[in-house]
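Undergrad:
Protein chains in written order, with the numbering used here: chain A, 1 to 253; chain B, 1 to 266.
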């Protein structure tokens with residue numbers, strides 16, 4: 001097992017003194033790998049991601065990044081949003097450069113960096129378009145490029161492909177895997193799709209519903225070095241999807 | 001954006017094309033009622049309603065009067081200052097009420113009260129405090145127009161997509177930067193709507209203020225013309241005021257359409 005970049009120690013989140021959203025979540029996130037957080041809707045998986053991002057303060061427990069306890073958002077973590085969270089009045093380039101602008105990077109430098117990542121996510125030629133002129137897939141590519149520009153070690157993704165159609169989702173998943181071969185990131189990826197989790201992740205954390213707690217952790221150990229097209233045909237892939245569904249179905253009414 | 005601008009320019013250009021104007025019904029409606037007015041005026045049933053053609057000559061006369069231009073300047077000045085202050089003060093108050101629950105609790109009752117209160121009744125109370133002059137009219141304009149700016153700004157701010165604010169936090173923006181870079185621009189369509197409505201109210205405020213005071217500006221002219229029975233001038237002045245209001249409101253609507261395109265895409 002590789003190094004641990006982020007760990008959560010008995011995280012609990014209670015809303016309004018009575019609603020328990022998360023209970024006793026202790027988790028190790030390996031460096032340079034993709035961890036999927038999988039669970040039925042309402043199980044608190046997005047809450048967990050937002051706690052890790054520093055957007056929600058946990059009621060109990062602590063989070064450590066590289067051994068240091070964190071208390072809020074930080075430059076070591078970038079987030080890709082489910083609803084893209086793009087500024088509608090800003091172009092693709094301005095949106096991608098937002099994170100660098102917030103850090104006070106001069107205009108020339110931040111645009112240069114942004115153009116590099118716009119190219120890397122496959123959006124060259126769309127720099128001056130506005131979000132409403134883009135398809136859902138392109139909007140999320142913009143969100144991804146923005147998260148990459150700030151060069152955080154940890155990339156948090158909150159159901160990033162759930163707002164696009166099935167074909168586009170497959171394409172985005174493939175592109176993400178290819179991208180992660182270039183950009184060595186530790187990714188935490190929230191999803192409700194078993195197939196997506198098994199396809200992408202090195203470690204799948206299965207959350208049970210209300211209150212959310214870790215039901216199981218599965219290590220797909222699928223060989224992704226070769227042709228990513230073949231992943232879905234591997235017996236291991238099919239087997240795992242079945243196995244995870246077996247353990248999840250009891251939590252779904 | 002450029003394609004959008006193109007469209008708007010085209011639209012506004014067509015407003016000035018006479019040919020197109022002839023084919024739109026408001027033009028014919030205007031002609032029709034002007035003719036009716038002219039006929040009724042010529043029959044001389046009512047001394048209060050002179051024919052429209054005489055009002056036109058009175059209008060030409062008005063343009064040569066120093067008192068008219070003084071009143072015009074005063075109206076423009078008090079309208080501009082009052083509306084400007086409403087916007088400059090109203091937007092920050094609205095933002096504050098949108099982001100802080102406590103200030104919303106403290107202020108919202110009063111804002112809503114004044115939004116629907118008959119402000120005209122307050123003007124006589126302003127006169128002893130602010131005197132008979134610009135200050136009272138400016139205060140009237142503000143009292144007429146500021147509340148809707150506050151309410152609409154607040155509505156815009158409270159409806160800003162939560163994820164945009166989270167995005168700002170993730171990338172390390174300070175609270176202040178989140179407000180300036182994200183919240184205010186995201187609330188801009190509602191803010192512009194508030195400004196448009198406040199322009200309408202400010203137009204009312206500036207005229208009502210002058211008329212209630214009855215000694216200054218257009219209000220002074222109105223009461224002079226009425227007491228000397230100069231009905232042609234009186235009507236000419238009314239038409240001037242109507243056209244002015246209409247033009248200003250039209251201009252703001254044009255501005256609003258420029259902003260509207262990203263309201264839809266949110």
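Quick reminder that beta carbons are idealized off the backbone N, C-alpha and C, glycines included.
1. Can you pull the chain A residues whose beta carbon is under 9 angstroms from the beta carbon of residue 172 of chain B, in chain order?
2. Using alpha carbons as the reference points, say which of A:246, A:150, A:99, A:74 lies closest to residue 86 of chain A.
3. So which residues of chain C does residue 177 of chain B contact, with C-beta pairs closer than 7 angstroms?
4. Give the interface partners of residue 167 of chain B over in chain A, defined as CB-CB distance under 8 angstroms, in chain order.
5. Just list the residues that DSSP pairs residue 12 of chain A with in beta bridges.
6. Do the segment 136 to 150 of chain A and the segment 2 to 9 of chain A touch if we need at least three Cβ pairs shorter than 8 angstroms?
7. Going along the segment 21 to 38 of chain A in order, which residues come within less than 8 angstroms of chain B, judged by CB to CB distance?
8. Quick one: complete beta strand (DSSP E) runs, 3+ long, within the segment 52 to 138 of chain A?
9. For a test of the three-state rule: what should DSSP assign to residue 187 of chain A, helix, strand or coil?
10. Taking C-beta to C-beta, are residue 153 of chain A and residue 76 of chain A nearer than 8 angstroms?
11. Quickly, what does DSSP pair residue 37 of chain A with across the bridge? List them, please.
12. Would you verify that the beta carbon of residue 163 of chain B is, or is not, closer than 8 angstroms to some beta carbon of chain A?
13. Under a Cβ-count criterion, where at least 16 other Cβ atoms within 10 Å of its own Cβ denotes burial, should residue 252 of chain A be classed as buried or exposed?
14. Using 8 angstroms as the limit for Cβ to Cβ distance, is residue 260 of chain A near chain B?
15. Taking C-beta pairs closer than 7 angstroms, name the residues in chain B that residue 53 of chain A reaches, listed in chain order.
16. Do residue 204 of chain A and residue 244 of chain A come within 8 angstroms of each other at the CB atom, strictly closer than that value?
17. Quick one: Cα of residue 10 of chain A to Cα of residue 18 of chain A, how far?
18. Pick out whichever of B:104, B:59, B:26 has its Cα sitting closest to the Cα of residue 225 of chain B.
19. Since residue 58 of chain A and residue 248 of chain A are thought to touch, with beta carbons under 8 angstroms apart, how far apart are those beta carbons, to the nearest angstrom?
20. Quick check: what's the CA-CA separation for residue 112 of chain B versus residue 256 of chain B?
21. Note down, in chain order, every chain A residue with its Cβ under 8 angstroms from the Cβ of residue 185 of chain B.
22. Consult DSSP for residue 157 of chain A and reduce its assignment to one of helix, strand or coil.
23. So for residue 24 of chain A, helix, strand or coil by DSSP?
24. Starting from residue 211 of chain A, follow its DSSP beta bridges and name the residues at the other end.
25. Going by DSSP in three states, residue 215 of chain B sits in which element: helix, strand or coil?
26. Return the chain-ordered ranges of every alpha helix (DSSP H) run that is complete within the segment 47 to 110 of chain B and spans a minimum of 4 residues.
27. Can residue 187 of chain A and residue 180 of chain A be called in contact, C-beta distance under 8 angstroms?
28. What would DSSP say about residue 230 of chain B, mapped onto helix, strand or coil?
TA: Here's the rundown:
1. Within the second chain, residue 172 of chain B is the residue found at index 172, counting from 1. Listed along chain A are 73, 74, 75, 99, 102, 103, 150, each with a C-beta nearer than 9 angstroms to that of residue 172 of chain B.
2. For the purposes of this step, residue 86 of chain A is taken as residue 86 along the first chain, with counting starting at 1. Checked all of A:246, A:150, A:99, A:74; the closest Cα to residue 86 of chain A is A:99.
3. In the structure shown, chain C does not exist; the protein chains are A and B.
4. Counted from its first residue, the second chain places residue 167 of chain B at position 167. Simply 79, 81, 85, 98.
5. Within the first chain, numbered from 1, the residue matching residue 12 of chain A stands at position 12. In the DSSP output, where bridge partners are listed per residue, residue 12 of chain A has A:60.
6. The segment 136 to 150 of chain A is not in contact with the segment 2 to 9 of chain A.
7. When CB distances to chain B are screened at a threshold of 8 angstroms, not a single residue of the segment 21 to 38 of chain A falls below it.
8. Entirely contained in the segment 52 to 138 of chain A, the beta strand (DSSP E) runs reaching 3 residues are, in chain order, 60 to 65, 77 to 80.
9. As a working mapping, residue 187 of chain A is identified with position 187 in the first chain. Here DSSP, grouped into helix, strand and coil, assigns residue 187 of chain A to strand.
10. Here residue 153 of chain A refers to the residue found at position 153 of the first chain. Here residue 76 of chain A refers to the residue found at position 76 of the first chain. Cβ distance < 8 angstroms, so residue 153 of chain A and residue 76 of chain A count as in contact.
11. What you label residue 37 of chain A is simply residue 37 of the first chain in a count that begins at 1. Residue 37 of chain A pairs with A:190, A:205.
12. For the purposes of this step, residue 163 of chain B is taken as the residue at position 163 of the second chain. Look at residue 163 of chain B: its C-beta is under 8 angstroms from a C-beta on chain A.
13. Looking up residue 252 of chain A in the first chain gives position 252. Exposed is the call here.
14. Absent from the model: residue 260 of chain A. The displayed extent of chain A is 1 to 253, so no value can be given.
15. On the first chain, position 53 is the one that residue 53 of chain A refers to. Residues of chain B whose Cβ lies closer than 7 angstroms to the Cβ of residue 53 of chain A are, in chain order, 170.
16. As a first step, residue 244 of chain A must be located in the first chain, where it is residue number 244. As a first step, residue 204 of chain A must be located in the first chain, where it is residue number 204. A contact, by the Cβ cut-off of 8 angstroms.
17. What you label residue 10 of chain A is simply residue 10 of the first chain in a count that begins at 1. What you label residue 18 of chain A is simply residue 18 of the first chain in a count that begins at 1. Across the structure, residue 10 of chain A and residue 18 of chain A are spaced so that their CA atoms are roughly 18 angstroms apart.
18. Numbered from its first residue, the second chain carries residue 225 of chain B at position 225. It is B:59 whose Cα lies nearest to the Cα of residue 225 of chain B.
19. Your numbering for residue 58 of chain A matches position 58 in the first chain. Your numbering for residue 248 of chain A matches position 248 in the first chain. Their Cβ separation, rounded to whole angstroms, is 24 angstroms, which puts residue 58 of chain A and residue 248 of chain A out of contact at 8 angstroms.
20. If you number the second chain from 1, residue 112 of chain B lands on position 112. If you number the second chain from 1, residue 256 of chain B lands on position 256. Spanning the alpha carbons of residue 112 of chain B and residue 256 of chain B requires a straight line of approximately 24 angstroms.
21. For the purposes of this step, residue 185 of chain B is identified with residue 185 of the second chain, where counting begins at 1. Going along chain A in sequence order, the residues near residue 185 of chain B (Cβ under 8 angstroms) are 87, 89.
22. What you label residue 157 of chain A is simply residue 157 of the first chain in a count that begins at 1. In the three-state reduction of the DSSP assignment, residue 157 of chain A falls in the strand class.
23. For the purposes of this step, residue 24 of chain A is taken as residue 24 along the first chain, with counting starting at 1. In the three-state DSSP reduction, residue 24 of chain A falls in the strand class (E or B).
24. As a first step, residue 211 of chain A is located in the first chain; it is residue number 211 there, counting from the start. Note: residue 211 of chain A sits in no beta bridge, so no partner.
25. To locate residue 215 of chain B, count along the second chain from 1; it is residue 215. In the structure shown, residue 215 of chain B sits in coil (DSSP, three-state: anything other than H, G, I, E or B).
26. If we require 4 residues or more, the alpha helix (DSSP H) runs fully inside the segment 47 to 110 of chain B come out as 52 to 63, 66 to 99.
27. Position 187 of the first chain, counting from 1, holds the residue named residue 187 of chain A. Position 180 of the first chain, counting from 1, holds the residue named residue 180 of chain A. Yes, they are a contact pair.
28. Counted from its first residue, the second chain places residue 230 of chain B at position 230. In the structure shown, residue 230 of chain B sits in coil (DSSP, three-state: anything other than H, G, I, E or B).
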